[in-house]
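Enquirer:
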Amino acid sequence: MLIEVLKSKIHLASVTEANLNYVGSITIDEDLMDAANLIENEKVHVLNLNNGERLVTYIIKGKRGSGDICLNGAAARKVIVGDVVIIMSYAMLDFQEAKSFKPTIILPDTKTNKLL
Numbered sequence: 001m002l003i004e005v006l007k008s009k010i011h012l013a014s015v016t017e018a019n020l021n022y023v024g025s026i027t028i029d030e031d032l033m034d035a036a037n038l039i040e041n042e043k044v045h046v047l048n049l050n051n052g053e054r055l056v057t058y059i060i061k062g063k064r065g066s067g068d069i070c071l072n073g074a075a076a077r078k079v080i081v082g083d084v085v086i087i088m089s090y091a092m093l094d095f096q097e098a099k100s101f102k103p104t105i106i107l108p109d110t111k112t113n114k115l116l
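Counting in our numbering, the final residue of the sequence shown is number 116, and the numbers go up one at a time with none missing.
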C-alpha cells in the first residue's frame, strides 16, 4: 500500500510578486528550492495565511539568491505582494517507509525570503 506524505515545505515565505499576465505557476528562488528539496515543475500546494486561500500549481525555477516567491497566472489573483504563504509538496511512499520518512522543512526569513 502507498500513502501520500509531506515531502517538502517552505514555511512562512513572503510573496514578492503576483504576475497575472503569465501562463501560470509559482516562481521560487532556486536557493529555496534546493534547501527544501524541490525541483522545477514539481506540483505544490500554496496556502495563503493572510486570506485563507489554498491552491495547487507547479514550480518554475527563480533566480538564485533573489528571494523570489511569485504567483503567476490565475494564482496571482489569490495573493497580494507581502502575503505570507506556506508551500508544500507531497510524495507517495510505501506505508512502512512512510513511517520513518522525514520531510524537508525550511523556515526562511519572512522579510527577505533568505535562508536563516
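Note that beta-carbon positions come from the ideal geometry of N, C-alpha and C, so glycine has one too. Predicted, not measured: the structure shown is a model, and the values here were computed from it.
(1) Below 7 Å CB to CB, which residues in the same chain sit around K78 once its five sequence neighbours on both sides are set aside?
(2) Between the C-alpha atoms of E40 and I3, what's the straight-line distance to the nearest angstrom?
(3) State yes or no: is the C-beta of I10 within less than 8 Å of the C-beta of P108?
(4) For V23, count neighbouring C-beta atoms within 10 Å of its own C-beta (all shown protein chains included) and say buried if the count is 16 or more, exposed if not.
(5) Kindly indicate the opening and closing residues of the alpha helix (DSSP H) around D68.
(6) In terms of residues, what are the limits of the alpha helix (DSSP H) holding A13?
Expert: So, from the listed chains and residues:
(1) N48, E53, L55 and L71
(2) 23 Å
(3) yes
(4) V23 is classed as exposed because its beta carbon has fewer than 16 other beta carbons within 10 Å across all chains shown.
(5) Premise fails: D68 is in no alpha helix (DSSP H) and is neither H nor E.
(6) Per DSSP, A13 belongs to no alpha helix (DSSP H); it is in the beta strand (DSSP E), L2 to S14.
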